[in-house]
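First up is the structure itself, then whatever we jot down about it.
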Amino acid sequence: MSEGIKKTDFVQSIEKGLKVISAFGAENPRMTLTEMATLLDMTRANARRILLTLQHLGYVTSEDGKWFSLTAKVLSLGYSFLSSQSLPELARPYMQQLTEAVNESCSLSVLVGTEIVYAARVQTKRIMTIALGGGTR
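Going by the working numbering, the sequence shown opens with residue 9, and the numbers climb by one from there.
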């Protein structure tokens with residue numbers, strides 16, 4: 009727990025849920041309930057409740073009920089951070105260069121589940137274009 013926060017203001021359930029999400033990675037792209045509980049030093053019951061909650065919310069999937077893995081929806085958790093860091097503005101000059109080089113529109117987007125969320129778009133100079141602004145799905 010970071011200094012400056014009162015113990016009564018700290019929500020351990022959120023901490024545990026974020027630890028479960030963070031436990032997945034290149035070395036552990038999928039894990040069983042037991043592996044997760046062991047890795048994070050928590051009870052199997054606690055790991056199960058967290059994984060099932062994350063599965064219900066769409067952040068975790070389990071095709072066979074044994075192996076759990078993250079879904080693309082976890083990217084939506086970082087989208088607010090990315091947009092606050094002006095990633096579209098950082099990418100825009102490169103997107104403009106690409107648009108000019110190939111004479112086609114260029115979009116910066118993220119796949120969230122089965123939806124594409126557009127963060128930025130540079131359109132070509134044509135009579136007809138498709139308007140896809142930031143946040144469009």
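Quick reminder that beta carbons are idealized off the backbone N, C-alpha and C, glycines included.
Per DSSP, Ser117 is one residue of the beta strand (DSSP E) stretching across Cys114 to Val120. Sequence-distant Cβ neighbours of Ser117 in its own chain, meaning closer than 7 Å and more than five residues away, are Ile124, Val125, Tyr126 and Ala127.
Residue environment analysis places Tyr67 among the buried positions, since at least 16 neighbouring C-beta atoms fall within 10 angstroms of its C-beta.
With a threshold of 16 other beta carbon atoms within 10 Å, Phe18 falls short and is exposed.
Spanning the alpha carbons of Val82 and Ser30 requires a straight line of approximately 10 Å. In this structure, the beta-carbon distance from Arg52 to Thr42 falls below 8 Å. Residue nearest to Leu95 within the set Ser77, Ser115 and Lys133 is Ser115 (criterion: CA-CA distance). The continuous stretches of alpha helix (DSSP H) do not include Ser77, which lies in the beta strand (DSSP E) extending over residues Trp75 to Leu78. Between Phe89 and Met39, the C-beta gap is not smaller than 8 Å, which leaves the two residues out of contact.
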